[in-house]
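For reference, the structure is listed below as structure tokens.
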Amino acid sequence: MAAQHLDVDVHPSVAAGRCPVDHGGDHHGYRPFDMKDPFPSYANLRHDHPVMYDERIGYWVVTRWADVRAVFEDWETFSSENAQAPVRERGPEAKRIMQEGGFTAYSGLSARIPPDHTRIRAIAQRAFTPRRYKALEPAIRANVKASLERMLASPDRTADFLAAVAYDIPTITILTLLGVDPGLVSTYKRWSDSRAAMTWEDLSDEEQIPHAHNLVEYWQEMQTLVADAHAHHPDSLIGDLVATQDAGAEITDHEIASLCYSLLFAGHETTTTLMANTIRVLQSHRASWEALVADPSKISGAIDEVLRYSGSIVAWRRKALKDAEIGGVPVPKGADILLVMGSANRDEDVFAHADQFDIERDDARNHMSFGFGIHYCLGNMLAKLQNRIMLEETIAAVPSLRLVEGADIDFRENISFRVPTSVPVTWEA
Ligand code: HEM
551 MAAQHLDVDV HPSVAAGRCP VDHGGDHHGY RPFDMKDPFP SYANLRHDHP
601 VMYDERIGYW VVTRWADVRA VFEDWETFSS ENAQAPVRER GPEAKRIMQE
651 GGFTAYSGLS ARIPPDHTRI RAIAQRAFTP RRYKALEPAI RANVKASLER
701 MLASPDRTAD FLAAVAYDIP TITILTLLGV DPGLVSTYKR WSDSRAAMTW
751 EDLSDEEQIP HAHNLVEYWQ EMQTLVADAH AHHPDSLIGD LVATQDAGAE
801 ITDHEIASLC YSLLFAGHET TTTLMANTIR VLQSHRASWE ALVADPSKIS
851 GAIDEVLRYS GSIVAWRRKA LKDAEIGGVP VPKGADILLV MGSANRDEDV
901 FAHADQFDIE RDDARNHMSF GFGIHYCLGN MLAKLQNRIM LEETIAAVPS
951 LRLVEGADID FRENISFRVP TSVPVTWEA
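Counting in my numbering, the sequence shown runs from 551 upward without gaps.
And the structure:
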């Protein structure tokens with residue numbers, strides 16, 4: 551099925567890059583791609599300029615919880631069709647490589663709009679059965695235990711937790727769920743890195759070229775997976791989707807391949823980050839870690855609080871289909887909007903002492919890290935399940951875990967994904 555781009559005129563104030571509030575070139579410290587510590591700039595924006603047109607990126611930046619939620623909720627005014635659009639236009643060489651390589655992938659769900667979104671989501675949701683999750687749980691636990699054992703064999707009792715545990719496990723899980731060879735982790739990580747870079751990073755034309763080749767390979771493999779599922783009827787999520795189609799469900803092969811293209815990215819990148827952030831944040835709030843060691847029944851609440859305090863995705867996009875208002879600020883038809891969930895999650899109007907990490911907080915689940923409304927993350931249960939298992943096993947195996955003293959953890963530059971580059975840890979003998 552063809553992509554559903556709506557023909558929306560661009561309002562002159564957007565074209566001219568004008569904001570109704572004059573910020574005189576001062577963006578309150580906000581740097582869209584800088585993920586090191588964006589939280590002080592988010593607080594400035596919430597306070598001084600909660601709906602700001604940022605001419606450097608061409609997006610209206612929305613930072614208050616109530617406004618972010620209202621935009622997510624009103625899908626008829628604010629469409630998700632730009633959610634997977636490249637933030638920087640593709641260069642001519644990347645375009646040529648992708649066109650000649652037959653790259654026609656479109657978003658599985660997140661950038662689709664009703665009625666197609668409603669139809670495909672209902673079919674995808676049926677394939678995400680509790681039976682499939684339950685079947686995965688023992689393998690997830692065994693993989694976590696094996697990764698921890700390998701990590702703990704390190705002779706100098708130091709490791710990068712991200713590389714040692716968080717990197718592989720969610721990828722093996724989603725490959726297994728879809729019925730793809732779990733030995734292909736590094737291939738899917740390479741393709742996923744390219745997808746994240748090509749969509750949400752600030753790449754030059756030259757830098758885009760290797761990623762364009764990877765995306766062509768990735769998309770060709772998705773089409774092969776669907777063709778194989780038709781031929782062999784595997785007991786997997788792709789097998790289920792193809793069987794649903796055979797039974798009369800209205801979904802094309804291209805849509806199934808696009809769903810696979812989405813799941814084989816969304817289904818691990820963000821969970822790897824959640825695992826890395828869980829260890830990073832708990833270890834930098836050591837009393838919380840010790841509270842979990844003493845009472846692992848607090849793990850679920852702690853995971854919600856990590857999602858609130860340090861979400862894997864801190865900003866997500868929408869487009870205004872008509873002239874509208876966000877928090878009393880007029881926003882023109884055609885406006886591209888950046889909903890900063892990382893800021894909404896620290897909004898003091900909703901969360902008391904929002905900058906404090908508190909695993910006992912009873913309203914942490916009001917975070918917006920999985921989005922909200924009709925596109926609410928389809929994989930949220932699977933992400934939390936894996937993170938819970940990771941935390942249970944890590945607490946049991948290595949309660950003395952700590953961050954390496956003085957470790958200065960960096961984050962990759964990106965407009966949406968806040969990904970630490972490493973989580974250096976150590977432990978007692
Ligand atoms: C910590 C882990 C994860 C985070 C933070 C996360 C975050 C998100 C966010 C922010 C959205 C957009 C929601 C919106 O537009 O309102 C989304 C959508 C989605 N996520 Fe996740 N996600 C995670 C894990 C997963 C996993 C494990 C899967 C699959 C197994 C998955 C599959 C999807 C899909 C298919 C959508 C699109 C849903 C739709 O448009 O109807 N996600 N996720």
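Where is the CB? At the ideal position from N, CA and C, for every residue including glycine. Just so you know, these numbers come straight off a predicted model, no measurement behind them.
Asked: May I ask you to list the residues that DSSP assigns as paired with PRO720?; Found: DSSP, once it has assigned bridges, lists no residue as partnering PRO720.
Asked: Around the C-beta of ALA552, are 16 or more other C-beta atoms found within 10 angstroms, so that it is buried, or is it exposed?; Found: Any answer about ALA552 is weak, because its pLDDT of 28 lies below 50 and its placement is not dependable; what the coordinates show is given next. Exposed, since its Cβ has fewer than 16 Cβ neighbours within 10 Å.
Asked: Which whole runs of the beta strand (DSSP E) in the stretch 603-651 are 3 residues long or more, in chain order?; Found: 609-612
Asked: If you measure between the beta carbons of TYR592 and LEU888, is that distance less than 9 Å?; Found: no
Asked: Going by the beta-carbon positions, is the gap between THR821 and ASN937 smaller than 9 Å?; Found: yes
Asked: For ALA714 and SER697, what's the separation of their Cα atoms in angstroms?; Found: 6 Å
Asked: Classify TYR926: buried if its beta carbon has 16 or more other beta carbons within 10 angstroms, exposed otherwise.; Found: exposed
Asked: Taking the Cβ atom as the reference point for each residue, do ALA799 and ILE673 lie within a distance shorter than 9 Å?; Found: yes
Asked: Under the DSSP definition of a beta bridge, which residues are partnered with PHE967?; Found: ILE863
Asked: Alpha carbon to alpha carbon, how far is GLN770 from PHE653?; Found: 8 Å
Asked: Which residues share a DSSP beta bridge with ASP710?; Found: PRO974
Asked: Please classify LEU888: does DSSP put it in a helix, a strand, or coil?; Found: strand
Asked: Does GLY733 pass the burial test, meaning 16 or more other C-beta atoms within 10 Å, or should it be called exposed?; Found: exposed
Asked: Can you list, in chain order, the residues of its chain with a C-beta nearer than 8 Å to that of VAL890? Leave out the 5 residues immediately preceding and following it.; Found: TYR592, LEU595, VAL611, VAL612, THR613, VAL618, VAL864 and ALA865
Asked: Three or more C-beta pairs under 8 Å: does that hold for the stretch 873-889 against the stretch 802-817?; Found: no
Asked: With GLY923 and TRP625 assumed to form a contact (beta carbons below 8 Å), what rounded beta-carbon distance in angstroms separates them?; Found: 6 Å
Asked: From what residue to what residue does the beta strand (DSSP E) around GLU875 run?; Found: 874-876
Asked: Any chance the stretch 660-676 sits against the stretch 896-915, with 3 or more Cβ pairs inside 8 Å?; Found: no
Asked: By Cβ distance below 8 Å, which residues in the same chain neighbour MET748 in space, the five residues on each side in sequence not counted?; Found: PRO636, ARG640, ALA644, GLN758, HIS761, ALA762 and LEU765
Asked: For TRP866, verify whether its CB is less than 8 Å away from any heavy atom of the ligand HEM.; Found: yes
Asked: If you run the structure through DSSP and keep just helix, strand and coil, what is PHE815?; Found: helix
Asked: Who pairs with ARG953 in a beta bridge, going by DSSP?; Found: The sequence as given places Leu at residue 953; Arg does not occur at that position. The partner list for LEU953 (beta bridge, DSSP) reads VAL975.
Asked: Is it buried or exposed for ARG676, if we count other Cβ within 10 angstroms and need 16 for buried?; Found: exposed
Asked: Nearest to MET931 by CA position, among ARG682, SER754 and THR774, is which residue?; Found: ARG682
Asked: Do MET940 and ILE719 come within 9 Å of each other at the CB atom, strictly closer than that value?; Found: yes
Asked: Checking 9 Å against the spacing of the C-beta atoms, do ILE788 and LEU728 come in under that value?; Found: yes
Asked: Go through its chain and collect everything with a Cβ distance to ALA689's Cβ below 7 Å, but skip five positions before and after it.; Found: THR726
Asked: Does the Cβ of GLN906 have 16 or more other Cβ atoms within 10 Å, making it buried, or fewer, making it exposed?; Found: exposed
Asked: Going by C-alpha to C-alpha distance, which of LEU857, ALA902, ASN693 and GLU963 sits closest to MET585?; Found: GLU963
Asked: Do the stretch 738-755 and the stretch 818-833 make contact, defined as three or more Cβ pairs closer than 8 Å?; Found: yes
Asked: Exposed or buried, what is ILE965 when buried is set at 16 or more other beta-carbons lying within 10 Å of its beta-carbon?; Found: buried
Asked: Whose C-alpha, out of ASN895, GLY851, PHE815 and LEU753, is nearest the C-alpha of GLY929?; Found: PHE815
Asked: Could you tell me if the beta carbon of LEU775 falls within a distance shorter than 8 Å of some heavy atom in the ligand HEM?; Found: no
Asked: How would you call PRO882, buried or exposed, if buried means at least 16 neighbouring beta carbons within 10 angstroms?; Found: buried
Asked: Identify the residues that DSSP records as bridge partners of VAL881: which are they?; Found: ALA874
Asked: With DSSP as the reference, label PHE653 as helix, strand or coil.; Found: coil
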